[in-house]
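Everything on this sheet refers to the single structure shown next.
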Ligand SMILES: Cc1ncc(COP(=O)(O)O)c(C=O)c1O
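Shown next, in the form of structure tokens:
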């Protein structure tokens with residue numbers, strides 16, 4: 033029997049004779065029994081295949097391109113090591129993400145340091161490790177970085193993050209390229225132009241190129257073309273007015289993942305075609321040298337690779353109203369439904385082919401009415417102890433997790449070719465208390 037929802041799971045997903053979900057050759061129900069519930073399972077083959085797809089699709093038509101994984105989607109030391117092996121760059125947005133990269137000897141020249149309010153200490157760290165590019169977001173940072181670089185008697189390679197004023201048609205919390213945004217120098221107001229002038233006159237900064245990021249997820253290619261047109265026309269103007277030749281250009285990340293089976297999203301190849309096609313034709317038209325192209329996918333690399341596994345507990349049926357199936361995780365490990373209204377589907381992982389019988393709402397365990405993972409989804413009859421698997425939980429779930437209600441973070445397991453390795457252990461109650469200080473001051 034073909035189960036449509038299976039398409040959302042990692043590329044290695046299948047069912048075994050026990051009708052259990054299997055990923056990377058490992059029975060997910062057995063993994064849950066072994067490592068405890070809830071559990072996040074990542075499929076290494078899916079991660080590597082996504083890295084290769086991005087590198088291939090962009091590289092094939094534009095060899096001067098690089099793919100930097102946006103680690104905010106999910107980073108851990110083992111994952112950073114995989115990114116290194118796959119020849120990816122790394123986009124980091126904090127000293128913490130940078131520290132993870134440094135801890136696995138990630139080549140610092142492949143690191144891009146982003147953020148709208150990097151601290152002086154974080155910038156000092158970036159300077160001391162000579163990270164590849166600092167992506168400067170505002171005037172405060174431009175001056176601060178120049179001063180810090182002067183103190184260290186060095187010159188820092190930078191990109192300027194611009195705000196092109198383009199609507200990416202995504203959730204307003206994840207739209208970043210519109211004028212009213214905390215990110216980037218707006219082109220429309222003249223501030224981007226002033227930033228180029230100031231960067232060029234900053235003796236300890238070397239302006240390598242321009243960057244923009246429109247938002248996430250962007251489910252159509254058109255906004256990238258609009259952004260490219262605005263930014264390349266701006267670059268042409270900077271060449272004419274200020275004699276500045278852009279060497280590098282990044283249209284950021286934002287490539288989508290398919291979360292529910294009814295959703296259709298363009299393949300990576302379509303984004304690559306649109307972005308590379310737009311870049312080639314616009315640079316020709318505007319008589320600009322072709323810059324190095326840097327893209328920064330986060331979600332597109334890891335979302336499909338991750339599966340959240342939960343155990344069903346309390347089931348509350350309100351006749352004629354709604355049936356709630358409560359699981360042992362929720363907004364503490366996946367806040368996306370609450371903050372973005374994100375949609376998901378689920379599979380009964382221990383009886384995967386059972387017929388869908390009823391509509392239920394899958395609720396989390398946290399003390400908030402809004403802690404709902406999936407509203408109104410058709411499922412087989414679920415009993416306490418059944419195992420639910422929610423696909424496409426690899427991005428922006430674990431890194432946004434909290435200890436709300438003092439619930440420990442779940443364990444994370446990486447599976448590959450029939451082997452499972454624990455890549456993050458489950459938190460213990462003692463972990464939750466280890467930063468508390470008792471006693472008199
Ligand atoms: C500058 C920048 N690059 C890349 C990304 C990654 O976005 P996504 O995970 O949607 O690819 C983000 C996300 O916020 C971002 O701000």
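Numbering (our numbering), first residue to last: 33 to 473. Virtual Cβ for every residue (Gly too), placed ideally from N, Cα, C.
beta-carbon residue i near ligand 1 non-hydrogen atom, thresh 8 Å
| i | result |
| --- | --- |
| residue 208 | yes |
| residue 248 | yes |
| residue 142 | no |
| residue 302 | no |
| residue 259 | no |
| residue 286 | yes |
| residue 217 | no |
| residue 428 | yes |
| residue 340 | no |
| residue 125 | yes |
| residue 263 | no |
| residue 328 | yes |
| residue 201 | no |
| residue 34 | no |
| residue 104 | yes |
| residue 87 | no |
| residue 128 | no |
| residue 121 | no |
| residue 236 | no |
| residue 482 | For the chain, the structure presents residues 33 to 473; residue 482 sits outside this window and is missing. |
| residue 331 | yes |
| residue 167 | yes |
| residue 243 | yes |
Local conformation of residue i per DSSP, three classes
| i | result |
| --- | --- |
| residue 462 | helix |
| residue 380 | strand |
| residue 78 | helix |
| residue 343 | strand |
| residue 161 | coil |
| residue 217 | strand |
| residue 135 | helix |
| residue 246 | coil |
| residue 140 | helix |
| residue 85 | helix |
| residue 241 | strand |
| residue 60 | helix |
| residue 196 | coil |
| residue 393 | strand |
Residues near residue i by beta carbon distance below 7 Å, same chain, minus five either side
| i | result |
| --- | --- |
| residue 257 | 306 and 310 |
| residue 251 | 288 and 297 |
| residue 399 | 437 |
| residue 223 | 217 |
| residue 79 | 114, 333, 334 and 337 |
Same chain only: Cβ atoms within 6 Å of residue i, ignoring 5 sequence neighbours per side
| i | result |
| --- | --- |
| residue 97 | 90, 91 and 325 |
| residue 69 | 343 and 360 |
| residue 410 | 388 and 391 |
| residue 332 | 287 |
| residue 148 | 169, 214 and 215 |
| residue 357 | 344, 347, 392, 394 and 414 |
| residue 457 | 443 |
Own chain residues within Cβ distance below 8 Å of residue i, not counting five before or after
| i | result |
| --- | --- |
| residue 127 | 151, 153, 154 and 157 |
task: Would you be able to state if there are at least three C-beta pairs under 8 Å between the region 228-236 and the region 269-281?
output: yes
message: Could you check whether the region 45-57 touches the region 261-271, counting it as contact only if at least three pairs of C-beta atoms, one from each stretch, sit closer than 8 Å?
response: no
query: Counting pairs of beta carbons, one from the region 444-451 and one from the region 71-87, are three or more of them closer than 8 Å?
result: yes
- prompt: Do the region 36-50 and the region 379-388 make contact, defined as three or more Cβ pairs closer than 8 Å?
  reply: yes
message: Below 8 Å, how does it come out for the region 313-324 and the region 353-368: are there three or more Cβ pairs, yes or no?
response: no
- prompt: Does the pairing of the region 228-248 with the region 179-194 give three or more beta-carbon distances under 8 Å?
  reply: yes
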